[in-house]
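**Q** If you read the protein sequences in the order shown, they are chains V and Y.
At position 190 of the first sequence the residue is numbered 190 (the working numbering), and the sequence of numbers has no breaks.
At position 185 of the second sequence the residue is numbered 1185 (the working numbering), and the sequence of numbers has no breaks.
Number of protein chains: 2
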Amino acid sequence: MGLIEDLKKGKLPENFKKIAQEERVEVDSLVNGVLKGEIVVPQNIFHKLKKPVVIGKGLRTKVNANIGTSEYYPFPQEEIKKLLTAIEVGTDTVMDLSTAGDLDKIRRSILKKSIVPLGTVPIYQAAIESIEKRGNIVEMKEDEIFEVIERQAKDGVDFMTIHAGVTLKTLDSLSKEDRVTGVVSRGGAFLIAWMIHQGKENPLYEQFERLLEISKKYEITISLGDGLRPGCQADASDRPQIQELIVLGELVDLARKNGVQVIVEGPGHVPINQIEANVRMEKEICRGAPFYVLGPLVTDVALGYDHITSAIGGALAAFYGADFLCYVTPREHLGLPTVEDVREGVVAARIAAHAADIAKGNKRAWEQDLEISKHRKNLNWEKQISLSIDPERAKKALKERRRGVKEETCSMCGKYCAMKIISQVLGVETLKKC
Amino acid sequence: MGLIEDLKKGKLPENFKKIAQEERVEVDSLVNGVLKGEIVVPQNIFHKLKKPVVIGKGLRTKVNANIGTSEYYPFPQEEIKKLLTAIEVGTDTVMDLSTAGDLDKIRRSILKKSIVPLGTVPIYQAAIESIEKRGNIVEMKEDEIFEVIERQAKDGVDFMTIHAGVTLKTLDSLSKEDRVTGVVSRGGAFLIAWMIHQGKENPLYEQFERLLEISKKYEITISLGDGLRPGCQADASDRPQIQELIVLGELVDLARKNGVQVIVEGPGHVPINQIEANVRMEKEICRGAPFYVLGPLVTDVALGYDHITSAIGGALAAFYGADFLCYVTPREHLGLPTVEDVREGVVAARIAAHAADIAKGNKRAWEQDLEISKHRKNLNWEKQISLSIDPERAKKALKERRRGVKEETCSMCGKYCAMKIISQVLGVETLKKC
Chain V
1 MGLIEDLKKG KLPENFKKIA QEERVEVDSL VNGVLKGEIV VPQNIFHKLK
51 KPVVIGKGLR TKVNANIGTS EYYPFPQEEI KKLLTAIEVG TDTVMDLSTA
101 GDLDKIRRSI LKKSIVPLGT VPIYQAAIES IEKRGNIVEM KEDEIFEVIE
151 RQAKDGVDFM TIHAGVTLKT LDSLSKEDRV TGVVSRGGAF LIAWMIHQGK
201 ENPLYEQFER LLEISKKYEI TISLGDGLRP GCQADASDRP QIQELIVLGE
251 LVDLARKNGV QVIVEGPGHV PINQIEANVR MEKEICRGAP FYVLGPLVTD
301 VALGYDHITS AIGGALAAFY GADFLCYVTP REHLGLPTVE DVREGVVAAR
351 IAAHAADIAK GNKRAWEQDL EISKHRKNLN WEKQISLSID PERAKKALKE
401 RRRGVKEETC SMCGKYCAMK IISQVLGVET LKKC
Chain Y
1001 MGLIEDLKKG KLPENFKKIA QEERVEVDSL VNGVLKGEIV VPQNIFHKLK
1051 KPVVIGKGLR TKVNANIGTS EYYPFPQEEI KKLLTAIEVG TDTVMDLSTA
1101 GDLDKIRRSI LKKSIVPLGT VPIYQAAIES IEKRGNIVEM KEDEIFEVIE
1151 RQAKDGVDFM TIHAGVTLKT LDSLSKEDRV TGVVSRGGAF LIAWMIHQGK
1201 ENPLYEQFER LLEISKKYEI TISLGDGLRP GCQADASDRP QIQELIVLGE
1251 LVDLARKNGV QVIVEGPGHV PINQIEANVR MEKEICRGAP FYVLGPLVTD
1301 VALGYDHITS AIGGALAAFY GADFLCYVTP REHLGLPTVE DVREGVVAAR
1351 IAAHAADIAK GNKRAWEQDL EISKHRKNLN WEKQISLSID PERAKKALKE
1401 RRRGVKEETC SMCGKYCAMK IISQVLGVET LKKC
């Protein structure tokens, strides 16, 4: 029996009450959200999660961190460090995007240590195994894709990016569009290469029901990938992107009909003035399926600072209704992230998510801001810092610049601290009498 | 003869053509903007500027960096380093907020080295000199404030923050509001302390015309400070803040009537969903005067990362029409920024400004994004980096993670680079035939 069937029969998973409490929502609204498909609970039957996560409408905005080896940095231990760091600074989920080394072994070691849901992009492994076996991607067998998916499912992967929207129809649309950066999705590029060489439809689309069977068996949440997402401002919201979104919307229906949980991935690179439209389109076309955005990056020029460009875009997307933000690290577009990059990326995405939650009136978020602000007013540094988004960094930043500071103020204003002047010299009562 | 009179008579400053070209606007629209008060040109008659700046409607969004000594870090040389760094990474203006050491000497040395307009907050120096002279702020003489203003004007300061909106009327509003963080503006706090002790109206308000005379004499642009800006999400857009904005709007009229250029300062801490309203209110109440926002910070919890919270808020504010973003460094709320903090703060604010310019359709901004994206597609690292917002950092970030990378790709995707697969394996022509 799967989660959806259980809920339909009124059988609640034991952790639902606790989750609802943490999210400050009623258990009923959580259940209804899952049944409608507006909320998902990514959890493989084989993965014990210490920190299960619910993603979707009316809930706290969630954050994902991508980790994984690459050709030039095939070091599993480094990726475990990234996993632990990402969890330490509060990521809600992690994706293993490894493309080098013993992929099965790496995934299993990450799964073992991950107390949060783990996602993968199985087409990577299928493509890489094809290259290893026969020197190319384009002769990959269709069954091999599904074999990898099932192998990863058996290991306990909680959610999988499936680029089922890269179809002959969307490629037709792509061929008519004069894109600046073409295709920027690795999964999308693998599948397009295969489809053109084979002259065939995308197996993930054509055999989508086969995928649904596996997903149902292991309780995998499908994350419909956007293989044709824009790679620059100029390509944002173009016809191939929206054409693919329509296909993804149809697949959402199919997944729901089969009792499989599903979310939809979104761009990418999007100017600020197009973010609202992108979110509203996804919510309409995909019938309220949770929206998982990769950024979006609001400019293409900030190499080395794309955690900031995507914090801007992510905050805005989440404010308009995106539910799940994939982090972007400062190393994006330049190389594989380091452990420190992962930390910066997660914190930037969490800031974006939290700022959107504040704007949406999320109670838990407001309480945190209010409490910190009261401690700020009272110049209580310890409490302010312990409640902040990354206490370790805040503590360090305070300490580094406290040369000679003996009082309760900081080294910016010192004795000219506005809070101190107003609180101590005048006092609220004096002000009220004025 | 002042700039406004000159323009009215059809006399153009010699650099107007070049500025209009750089901004990609017609000279006429620049002139009309200045005459309407929707655009300002902060330039003291005694300050030769290598990089003059125009701020306002229809122009590229500008960025300001605050520097200056404090009680615990009274090192002028460090502040000169900050000045040069801020200019190197592209700040449009700088403000000297020094509160320790020989303030006249520090300001003069900064002015000498600043190729961009320099701003100050003269009430700081007036208050500090009063403390030095008589041990307190509250017995400061009214004339002393104007004496400091004229002293700074003579030195060549281009724009000055004047907290003339802190009046008995706005204080009445403040006394009725149960604010969480009270007053967070230093200038505001100094003046409130003085007003309550003296039982008198704010001299900067009561003798505003005296200020206008000095401003006119030296061509100072007045930046109307928001002494009652909110210091946390909970206090945002409250009555005292908006009450002060109304007073500032009235002062805008007065300044314009006297041919003095004026801009208006804005918050502060503002949730994402209130930013649009804040910008629209300023534009209405202050009759289109350029809006200079201090952030805004979209959450209070991100100690150590407030350059990111303010990049989110600043991008959104500028998108809705704010013209000028005051940077916030990662050290905000924790201490006086270091040189490195200044760099991070300026770049984050420039990213916000640029992203807003993209969203507003600014031609120059679009050209830069398009060019970078074309080079990204062609895997031309050198050109991509040289056109990026902080080439030095991008270069370093690329180099650090290029272990063993001999090809043209980066260490993230290596041989699985989507751009490479699509461009080289398939080629655009193959795709078109598909």
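Idealized CB from N, CA, C, for every residue including glycine.
Note that the structure is a prediction, hence the values are computed from the model and not measured.
Using DSSP bridges, identify the partner residues of residue 1073/Y.
**A** Looking at the DSSP assignment, residue 1073/Y forms a beta bridge with 1070/Y.
**Q** Between residue 1228/Y and residue 1240/Y, which are expected to be in contact by the criterion C-beta below 8 Å, what is the C-beta distance as a whole number of angstroms?
**A** Confirmed, about 5 Å.
**Q** Could you check whether the Cβ of residue 1374/Y sits closer than 8 Å to any Cβ belonging to chain V?
**A** Yes, its Cβ sits closer than 8 Å to a Cβ of chain V.
**Q** Which residues, in chain order, does the segment 404 to 421 of chain V contribute to contact with chain Y at a C-beta distance below 7 Å?
**A** Cβ contacts with chain Y: 404, 405, 410, 411, 412, 413, 414, 415, 416, 418, 419 and 421.
**Q** If contacts are defined as beta-carbon pairs under 8 Å, then residue 1094/Y and residue 1127/Y qualify, I think. What distance do you get, rounded to the angstrom?
**A** Actually they are not in contact, since the Cβ atoms of residue 1094/Y and residue 1127/Y sit about 21 Å apart, beyond 8 Å.
**Q** Return the residue from the list 115/V, 124/V and 117/V that minimises the CA-CA distance to residue 103/V.
**A** Checked all of 115/V, 124/V and 117/V; the closest Cα to residue 103/V is 124/V.
**Q** Alpha carbon to alpha carbon, what distance is there between residue 1351/Y and residue 1061/Y?
**A** Distance between the alpha carbons of residue 1061/Y and residue 1351/Y is about 10 Å.
**Q** Near residue 1401/Y, which residues of its chain fall below 6 Å by C-beta distance, leaving aside the five closest residues on each side in sequence?
**A** Contacts found: 1411.
**Q** For the 8 Å Cβ check, are there 3 or more pairs between the segment 390 to 404 of chain V and the segment 1161 to 1169 of chain Y?
**A** No, the segment 390 to 404 of chain V is not in contact with the segment 1161 to 1169 of chain Y.
**Q** Report the CB separation of residue 266/V from residue 293/V in whole angstroms; it is logged as a contact under 8 Å.
**A** Correct: roughly 4 Å between the Cβ atoms.
**Q** By how many angstroms is the C-alpha of residue 1089/Y removed from the C-alpha of residue 17/V?
**A** Each residue's Cα considered, the two are about 51 Å apart.
**Q** Would you say residue 300/V lies against chain Y (beta-carbon separation less than 8 Å)?
**A** Closer than 8 Å: yes.
**Q** Using CA atoms only, rank isn't needed, just tell me which of 419/V, 113/V and 311/V is closest to residue 374/V.
**A** Among 419/V, 113/V and 311/V, the Cα nearest to that of residue 374/V belongs to 419/V.
**Q** Between 1212/Y, 1329/Y, 1101/Y and 1172/Y, which lies nearest to residue 1146/Y when the distance is taken from Cα to Cα?
**A** Residue 1212/Y is the option with its Cα nearest to residue 1146/Y.
**Q** So, with DSSP's three-state summary, where would you put residue 292/V?
**A** Three-state DSSP puts residue 292/V in a strand.
**Q** For residue 1087/Y and residue 1325/Y, I'd like the C-alpha separation in whole angstroms.
**A** Going from the Cα of residue 1087/Y to the Cα of residue 1325/Y covers about 15 Å.
**Q** Quick check: the segment 306 to 323 of chain V against the segment 1307 to 1318 of chain Y, are there 3 or more CB pairs under 8 Å?
**A** Taking 8 Å as the limit for Cβ pairs, the verdict is that the segment 1307 to 1318 of chain Y does touch the segment 306 to 323 of chain V.
**Q** Measure the CB-CB distance between residue 184/V and residue 231/V and report whether it falls below 8 Å.
**A** In contact: residue 184/V and residue 231/V (Cβ atoms closer than 8 Å).
**Q** Just checking: is the beta-carbon of residue 35/V within a distance shorter than 8 Å of some beta-carbon in chain Y?
**A** Chain Y, which has no Cβ nearer than 8 Å to the Cβ of residue 35/V, makes this no.
**Q** Going by CA-CA distance only, name the one from 1171/Y, 1178/Y, 1180/Y and 1206/Y that's closest to residue 1189/Y.
**A** Of 1171/Y, 1178/Y, 1180/Y and 1206/Y, the residue nearest in Cα terms is 1171/Y.
**Q** Determine, using beta-carbon pairs with one atom in the segment 337 to 352 of chain V and one in the segment 63 to 78 of chain V, whether at least three such pairs fall under 8 Å.
**A** Verdict: yes, contact present.
**Q** What is the DSSP secondary structure of residue 339/V, counted as helix, strand or coil?
**A** Reduced to three states, the DSSP call for residue 339/V is helix.
**Q** Mind reading off the beta-carbon distance from residue 1259/Y to residue 1200/Y? Whole number of angstroms is fine, and I expect it under 8 Å.
**A** That pair is no contact at about 29 Å.
**Q** Taking the Cβ atom as the reference point for each residue, do residue 1290/Y and residue 1039/Y lie within a distance shorter than 8 Å?
**A** Contact flag set, yes.
**Q** Suppose you measure from the CA of residue 82/V to the CA of residue 73/V; what does that come to, to the nearest Å?
**A** Looking at the two C-alpha atoms, the distance is approximately 13 Å.
**Q** Drop a sphere of 10 angstroms on the beta-carbon of residue 1077/Y, count the other beta-carbons inside from all chains shown, and report buried for 16 or more, exposed for fewer.
**A** By the 10 Å Cβ count, residue 1077/Y comes out exposed.
**Q** Which term fits residue 1280/Y, buried or exposed, when burial requires 16 or more other beta carbons within 10 angstroms of its beta carbon?
**A** Classification for residue 1280/Y: exposed.
**Q** Determine contact between the segment 1100 to 1117 of chain Y and the segment 1045 to 1054 of chain Y, defined as no fewer than three beta-carbon pairs at a distance below 8 Å.
**A** A contact exists between the segment 1100 to 1117 of chain Y and the segment 1045 to 1054 of chain Y.
**Q** Determine, using beta carbons only, whether residue 1004/Y comes closer than 8 Å to chain V.
**A** Residue 1004/Y does not count as touching chain V.
**Q** In chain order, what residues of the same chain lie with their CB nearer than 7 Å to the CB of residue 1286/Y, ignoring the 5 residues before and after it?
**A** Answer for residue 1286/Y: 1248, 1249, 1252 and 1264, listed in chain order.
**Q** If we cut at 8 Å on Cβ distances, does residue 1185/Y have a partner in chain V?
**A** For residue 1185/Y, the answer is yes, since a Cβ of chain V falls inside 8 Å of its Cβ.
**Q** In whole angstroms, what separates the C-alpha of residue 116/V from that of residue 92/V?
**A** If you take the alpha carbons of residue 116/V and residue 92/V, they lie about 6 Å apart.
**Q** Examine the Cβ distances between the segment 366 to 381 of chain V and the segment 328 to 346 of chain V and report whether three or more of them are shorter than 8 Å.
**A** With the cut-off at 8 Å, the segment 366 to 381 of chain V and the segment 328 to 346 of chain V do not touch.
**Q** Is the beta carbon of residue 219/V sitting closer than 8 Å to the one on residue 33/V?
**A** No, the Cβ-Cβ distance between residue 219/V and residue 33/V is not below 8 Å.
**Q** When we look at the beta-carbon of residue 1432/Y and count the other beta-carbons within 10 Å, is it buried (16 or more) or exposed?
**A** Summary for residue 1432/Y: the model assigns pLDDT 45, below 50, so the residue's position carries little reliability, and this model does not support an answer.
**Q** Residues of chain Y with a CB under 9 Å from the CB of residue 292/V: which are they?
**A** By Cβ distance, chain Y contributes nothing, its closest Cβ being about 19 Å from residue 292/V, past 9 Å.
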